[in-house]
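Participant: Chains as they are written, first to last, in this note's numbering: chain G, 1 to 791; chain P, 1 to 152. The structure that follows is given in the form of structure tokens.
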Amino acid sequence: MNTDRREFLKMAGAFAAMLTCNPEALAAGDRVITHATHMGPLKAYVRNGKIVRIEAMDIDLDPVDLLFAHKDAVYARNRVKYPCVRKSYLDGSDRRHMRGAEEFVRVDWGTALDLVAEALAKTKGEYGNESIFKTTYARWAHPGRIHQAASLQARMLGLFGGFTDIVGDYSAGAATQILPHVMGDIEVYSQQTSREVVLDKTELILMWGADPFKTNKIDYHVPIHSDGAWLRKMKDKGIKFVTIDPTKNMSVDELGSEWVPIKAASDVPMILAMCYTLYEEKLYNKQFIDKYTVGFNVFLKYLRGEKDGKVKNAKWAEKICGVPAQKIKELARMAVKHRTLVTGSWAPQRIQYGEQFHWSLVALASMIGQIGLAGGGIYFNIHYCSAGAPYTGVGAPLMLSQGRNPVNILIPASRMGEMLLNPGKTIDYNGKKLTYPNIKLIYSAGVTPIGHQPNVNKLVEGFRKVDTVITHEPWWTPTARYSDIVLPATTSFERNDISFGSSYGIEYAFAMKQVISPLFDARNDYDIFLELSKRFGFEKAYTGGKSVDEWIRWSYSKMRTKVSFSDFWKKGYVHFTSPKSSREYVRHADFRKDPVANYLRTPSGKIELFSEKVASFGYNDCPGYPAWIEPTEGPASYMAKKYPFQLITPHPIHRLHSQLDNTSLGAKHKVAGREPVYMNKFDARRMGLKHGDTVEVYNSRGTVLAGVVPTEKITRGVLAIEEGAWYAAENPSKDNSRCVSGQVNILTSDRPTSRLAQAISANTCLVAIRKAGGKLPRNTAYDSPPVRERL
Amino acid sequence: MYLSKPLKMKNGSLSAIVYTGTSVQSEKLGKKWIIRKQFWISNEGELFESSSSEAPTGNVKSGNIGNNGFYATFTASAKDGLLVCNLSDAITEMDSLYYERCGTCHRAYDPDMYTAAHWKKILESMKTLSGISQQEETEIMRYLSLLAKRKD
Numbered sequence: 001m002n003t004d005r006r007e008f009l010k011m012a013g014a015f016a017a018m019l020t021c022n023p024e025a026l027a028a029g030d031r032v033i034t035h036a037t038h039m040g041p042l043k044a045y046v047r048n049g050k051i052v053r054i055e056a057m058d059i060d061l062d063p064v065d066l067l068f069a070h071k072d073a074v075y076a077r078n079r080v081k082y083p084c085v086r087k088s089y090l091d092g093s094d095r096r097h098m099r100g101a102e103e104f105v106r107v108d109w110g111t112a113l114d115l116v117a118e119a120l121a122k123t124k125g126e127y128g129n130e131s132i133f134k135t136t137y138a139r140w141a142h143p144g145r146i147h148q149a150a151s152l153q154a155r156m157l158g159l160f161g162g163f164t165d166i167v168g169d170y171s172a173g174a175a176t177q178i179l180p181h182v183m184g185d186i187e188v189y190s191q192q193t194s195r196e197v198v199l200d201k202t203e204l205i206l207m208w209g210a211d212p213f214k215t216n217k218i219d220y221h222v223p224i225h226s227d228g229a230w231l232r233k234m235k236d237k238g239i240k241f242v243t244i245d246p247t248k249n250m251s252v253d254e255l256g257s258e259w260v261p262i263k264a265a266s267d268v269p270m271i272l273a274m275c276y277t278l279y280e281e282k283l284y285n286k287q288f289i290d291k292y293t294v295g296f297n298v299f300l301k302y303l304r305g306e307k308d309g310k311v312k313n314a315k316w317a318e319k320i321c322g323v324p325a326q327k328i329k330e331l332a333r334m335a336v337k338h339r340t341l342v343t344g345s346w347a348p349q350r351i352q353y354g355e356q357f358h359w360s361l362v363a364l365a366s367m368i369g370q371i372g373l374a375g376g377g378i379y380f381n382i383h384y385c386s387a388g389a390p391y392t393g394v395g396a397p398l399m400l401s402q403g404r405n406p407v408n409i410l411i412p413a414s415r416m417g418e419m420l421l422n423p424g425k426t427i428d429y430n431g432k433k434l435t436y437p438n439i440k441l442i443y444s445a446g447v448t449p450i451g452h453q454p455n456v457n458k459l460v461e462g463f464r465k466v467d468t469v470i471t472h473e474p475w476w477t478p479t480a481r482y483s484d485i486v487l488p489a490t491t492s493f494e495r496n497d498i499s500f501g502s503s504y505g506i507e508y509a510f511a512m513k514q515v516i517s518p519l520f521d522a523r524n525d526y527d528i529f530l531e532l533s534k535r536f537g538f539e540k541a542y543t544g545g546k547s548v549d550e551w552i553r554w555s556y557s558k559m560r561t562k563v564s565f566s567d568f569w570k571k572g573y574v575h576f577t578s579p580k581s582s583r584e585y586v587r588h589a590d591f592r593k594d595p596v597a598n599y600l601r602t603p604s605g606k607i608e609l610f611s612e613k614v615a616s617f618g619y620n621d622c623p624g625y626p627a628w629i630e631p632t633e634g635p636a637s638y639m640a641k642k643y644p645f646q647l648i649t650p651h652p653i654h655r656l657h658s659q660l661d662n663t664s665l666g667a668k669h670k671v672a673g674r675e676p677v678y679m680n681k682f683d684a685r686r687m688g689l690k691h692g693d694t695v696e697v698y699n700s701r702g703t704v705l706a707g708v709v710p711t712e713k714i715t716r717g718v719l720a721i722e723e724g725a726w727y728a729a730e731n732p733s734k735d736n737s738r739c740v741s742g743q744v745n746i747l748t749s750d751r752p753t754s755r756l757a758q759a760i761s762a763n764t765c766l767v768a769i770r771k772a773g774g775k776l777p778r779n780t781a782y783d784s785p786p787v788r789e790r791l
Numbered sequence: 001m002y003l004s005k006p007l008k009m010k011n012g013s014l015s016a017i018v019y020t021g022t023s024v025q026s027e028k029l030g031k032k033w034i035i036r037k038q039f040w041i042s043n044e045g046e047l048f049e050s051s052s053s054e055a056p057t058g059n060v061k062s063g064n065i066g067n068n069g070f071y072a073t074f075t076a077s078a079k080d081g082l083l084v085c086n087l088s089d090a091i092t093e094m095d096s097l098y099y100e101r102c103g104t105c106h107r108a109y110d111p112d113m114y115t116a117a118h119w120k121k122i123l124e125s126m127k128t129l130s131g132i133s134q135q136e137e138t139e140i141m142r143y144l145s146l147l148a149k150r151k152d
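Written out as structure tokens, the structure is:
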């Protein structure tokens, strides 16, 4: 065959692929291409190969500001343009303590991939596969199913012989471990009562920490923002909302909710006192307790203070949480008078002893006695991914399997820094023992641990200890900047993919069509792992014999729909409707109907208000019943003298975790060029601070610069800095140098919730605040590091 | 030998479907295999390896079983290809299904982490999260119960 003919066939093949997957590529002039993101489905207007405008798709019922910021993100100044290697890693002088402080050298793809393969092979050879740590654990970078770095990386590394993996998550790490003991299910991610039922039956919604109008801006898959209308309908119908939160959050205004200000990290005493009130006033549902729960008497002994001498009444709670005793009692009485939903977000369990939050809510809901009734009981994800949207039953487009991981070491998500610094250390974990491996290589793709991991200075120390740090990134995130080998990855706009949304309803499948060509030298994560698989000789096992377009079709074929793939792809989406049974779904109705036949997955088959199993672990930081334990770092501790403010780290309103912080939207919401710190007006006045002042917020773990925003919307004594600002050390070559950008995890502790869940407890944190003096450094978080053209 | 597909087996007037992965005795007779196996038949009409087994390995399709459990030997004949020498060859399809469906959001947890009864409850909650169909749930449950932790 002559070359021309071969070229022709290749082109014809490419053409056919374009026809099937990218019809717009053929049109002349401006093109409108559909795509989908965690912020909603969109139409991108493309001129001369460049995105000029982003519009929300019509099916998005309530488009959000975040969606439009994607254009900025794609063309951000700090895109990683070429494969880069830290200078002393490349020249062999190995100044690993200079990670994050050294310049990079541009290399070609071949060299970069060889270096990655070499480092992996060397680590495996010298220390074994367990010394390879995959930090990529969640899927927040984009909602695509095929280009999902977390599963692709596991697939490749699994074939390579395995890796140390992460178990659980940062979001609800305590709840997902304790609730299976209590309710027999993780509950926080499970399908809850359908919206129609709630709208029809519920009369009162108690919301601890939940801010659905903020958090439902985004979805783990693709949101169509249908929950706002649902919540507003409830408001219009006169359903009463009560928000218990240290901040008067967005949803308080939207819902006309009653705001009950509370000190940070102190919801548990309030909930326990509500339980005690129901007991003291004989208002609790004894039949429910007898029939559906075990261990109430043990819990009751604790409430009555039989052992510790402290009666857990409203007065006791008021002293700790600051909510007036009268209010606590009033809410308890109100709860039993109405059809009441007990809801909580997950921020209140991201505290020391965070397991106790959801456990005490279950105790409260059990005493109210409405679990399993339409519109009553518990609802632990009202703020998340359009929960309650009735499931259409079509299944989701599949992701590639992670395959097998021959290494069987799973480290709880919060333990990253600890593990890096303490190889061989054994910890307790949910009734088992777990020994930290000796990590020598850190590999991240589609995730930025120097972002979500608490105690950044400790993590950086861990990063500087290992032999190799590899990162795939579209941008120079802090994690990329502290790496040795940085591989430029495409954004989802630069490749075809498939997704769906909402997460619980699955009302749509979405074609995430390629909008533009890859920028600079960027490659898809899929192809990067493919190139590595080739080098290791398991290319076939990695690809499964399929191309990306074939995987997309395969993924679609796993949904139960009659709409053909080509019709789906052409239109950009398919809509599905939900059956009546989903719209009538009531969580735990079957258990309530027949607790013997439909027993829960707990040892007793019932709700466990005392868990023999948990008690048998003998953990003093997580006893066998819901309890309040004074935090090591609380307002009543000795540390409070030095660091008098409680710090909370809510989810950001104008970005998704750290994503989009490097856009004009991110910049618009900075104060004095840095992350805002919200503080009560009186506290600010007392300290002589005014709006826009640059301050240092600090504790023993570190210092950040931030811009002050005095407000009435936060409890006195509490400061809030939203998580997700990018980290930048003032002097990166110095340890614990202050962060000029306001990355709040410099300040948070990586102390685990308890030995049970070993989850993060970032909202248990004390800090001090003072006006920053002297010449203030520029915020360099969104710069690119210096990159040399050659060694 | 192990069944690599479900098989219809008989005992007099009783007929039952025996599930993939069941171990059976077999002998070759000409071109065919003669298969036999004793099961415990519960009064719900489910077949078990023994009266103390937790997870069924088949179920009665027709015939009268009365109200008390009993042991009975079932027979069938089969062509080449139905029987394989080890369990892992018998369940390769279910194995891929398990890894495909349950090994995406997190690693596919080792089946011997939990007992069959425990897995059944886990599947009830993971069913909606993973969007599997009724048929897939049945197959995954079968897979897990074959490899599950024995009751301690």
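In this text, a Cβ means the ideal position worked out from N, Cα and C, and glycines have one as well.
(1) Whole angstroms are fine: how far does the CA of residue 145/G sit from the CA of residue 79/G?
(2) How about residue 27/P and residue 17/P: do their beta carbons lie closer than 8 angstroms?
(3) Strictly by DSSP, which residues pair up with residue 11/P?
(4) Tell me which residue opens and which closes the alpha helix (DSSP H) that residue 458/G is part of.
(5) Jot down the residue ranges of each uninterrupted beta strand (DSSP E) in the region 126-180 of chain G, minimum 3 residues, whole runs only, in chain order.
(6) Take the Cβ of residue 185/G as the centre, count every other Cβ of all protein chains shown within 10 Å, and call the residue buried at 16 or more, exposed below.
(7) Going residue by residue through the region 204-243 of chain G, where are the continuous alpha helix (DSSP H) segments of at least 4 residues, counting only ones entirely within it?
(8) Are there 16 or more other CB atoms within 10 angstroms of the CB of residue 299/G, so buried, or fewer, so exposed?
(9) Does the beta carbon of residue 501/G come closer than 8 angstroms to any beta carbon on chain P?
(10) Assuming residue 525/G and residue 445/G make a contact with CB atoms under 8 angstroms, what is their CB distance in whole Å?
(11) Per the DSSP calculation, residue 432/G is bridged to which residue(s)?
(12) How many Å lie between residue 261/G and residue 198/G at the Cα?
(13) Contact between the region 243-254 of chain G and the region 203-217 of chain G: three or more CB pairs below 8 angstroms?
(14) Could you list which residues in chain P have their beta carbon closer than 8 angstroms to that of residue 396/G, in chain order?
(15) Under a CB-based cut-off of 8 angstroms, is residue 693/G close to chain P?
(16) Measure from the C-beta of residue 144/P to each C-beta in chain G and report whether the shortest distance is under 8 angstroms.
(17) Assuming residue 14/P and residue 72/P are in contact, meaning their beta carbons sit under 8 angstroms apart, how far apart are those beta carbons, in whole angstroms?
(18) Nearest to residue 321/G by alpha carbon, out of 715/G, 162/G, 534/G?
(19) Could you work out which residues of chain P lie near residue 401/G, taking near to mean beta carbons separated by less than 7 angstroms?
(20) Assess, as a yes-or-no matter, whether the region 396-415 of chain G is touched by the region 102-114 of chain P under the definition of 3 or more beta carbon pairs within less than 8 angstroms.
(21) Can you grab the Cα-Cα spacing for the pair residue 742/G / residue 90/P, in whole Å?
(22) Could you name the residues of chain P that residue 186/G contacts, counting a contact when the two beta carbons are closer than 8 angstroms?
(23) Residues in its own chain within less than 8 angstroms of residue 101/P by CB, not counting five upstream and five downstream?
(24) According to DSSP, which residues form a beta bridge with residue 751/G?
(25) Using a Cβ-Cβ distance cut-off of 8 angstroms, determine whether residue 523/G contacts chain B.
(26) List the residues of chain P whose Cβ lies closer than 9 angstroms to the Cβ of residue 662/G, in chain order.
(27) Check whether the Cβ of residue 150/P lies closer than 8 angstroms to any Cβ atom in chain G.
(28) List the residues of chain P that residue 154/G touches, going by C-beta distances under 8 angstroms, in chain order.
(29) Which one of 782/G, 501/G, 418/G, 770/G has the shortest CA to CA distance from residue 435/G?
(30) I'd like the list of long-range same chain contacts for residue 543/G, defined as Cβ closer than 8 angstroms, with 5 residues on each side in sequence excluded.
(31) Inspect the CB distances between the region 56-69 of chain G and the region 232-243 of chain G and report whether three or more fall short of 8 angstroms.
(32) Can you give, in chain order, each stretch of the beta strand (DSSP E) that sits fully within the region 25-105 of chain G and has at least 3 residues?
(33) Reducing DSSP to helix, strand and coil, say where residue 452/G ends up.
(34) Under 8 angstroms between beta-carbons, which chain G residues line up against residue 122/P? List them in chain order, please.
(35) Helix, strand or coil: which one does DSSP assign to residue 792/G?
(36) If contacts are defined as beta-carbon pairs under 8 angstroms, then residue 174/G and residue 627/G qualify, I think. What distance do you get, rounded to the angstrom?
Facilitator: Working from what's here:
(1) Rounded to the nearest angstrom, the two C-alpha atoms are 23 angstroms apart.
(2) Cβ atoms of residue 27/P and residue 17/P: not closer than 8 angstroms.
(3) Under the DSSP definition of a beta bridge, residue 11/P partners with 14/P.
(4) Segment 456-463, the alpha helix (DSSP H) holding residue 458/G.
(5) 132-134, 165-167, all fully within the region 126-180 of chain G.
(6) Per the 10 Å Cβ criterion, buried.
(7) Runs found: 212-215, 227-237.
(8) It is buried - the Cβ of residue 299/G has at least 16 other Cβ atoms within 10 Å.
(9) Output row for residue 501/G: interface = no.
(10) Indeed they touch by this definition, with Cβ atoms about 5 angstroms apart.
(11) Paired residue(s): 429/G.
(12) Taking the straight line from one Cα to the other gives about 25 angstroms.
(13) With a cut-off of 8 angstroms, the region 203-217 of chain G and the region 243-254 of chain G count as touching, because enough Cβ pairs lie within range.
(14) Result: 130, 131.
(15) No, no contact with chain P.
(16) Taking a beta-carbon distance threshold of 8 angstroms, residue 144/P does not count as an interface residue toward chain G.
(17) The beta carbons of residue 14/P and residue 72/P sit about 7 angstroms from each other, so the pair counts as a contact at 8 angstroms.
(18) Residue nearest to residue 321/G within the set 715/G, 162/G, 534/G is 715/G (criterion: CA-CA distance).
(19) Against residue 401/G, the close residues of chain P are 99, 100, 103, 104, in the order they occur along the chain (beta-carbon pairs closer than 7 angstroms).
(20) Yes, they touch.
(21) Going by C-alpha positions, residue 742/G is about 57 angstroms away from residue 90/P.
(22) The answer, in chain order, is 125.
(23) Correct list, in chain order: 130, 132, 136, 140.
(24) Under DSSP, residue 751/G takes part in no beta bridge, so it has no partner.
(25) Absent here is chain B; the protein component of the structure consists of chains G and P.
(26) Per Cβ cutoff of 9 angstroms: no residues; residue 662/G is ~28 angstroms from chain P at best.
(27) Judged by the 8 angstroms Cβ criterion, residue 150/P is not in contact with chain G.
(28) Per Cβ cutoff of 8 angstroms: 107.
(29) Among 782/G, 501/G, 418/G, 770/G, the Cα nearest to that of residue 435/G belongs to 418/G.
(30) Answer for residue 543/G: 530, 533, listed in chain order.
(31) No, the region 56-69 of chain G does not touch the region 232-243 of chain G.
(32) With a minimum length of 3 residues, the continuous beta strand (DSSP E) runs that stay inside the region 25-105 of chain G are 31-37, 40-47, 50-56, 84-86.
(33) Helix.
(34) 601, listed in chain order.
(35) Nothing can be reported for residue 792/G: it is not among the residues displayed for chain G, which extend from 1 to 791.
(36) About 14 angstroms; that fails the 8 angstroms criterion.
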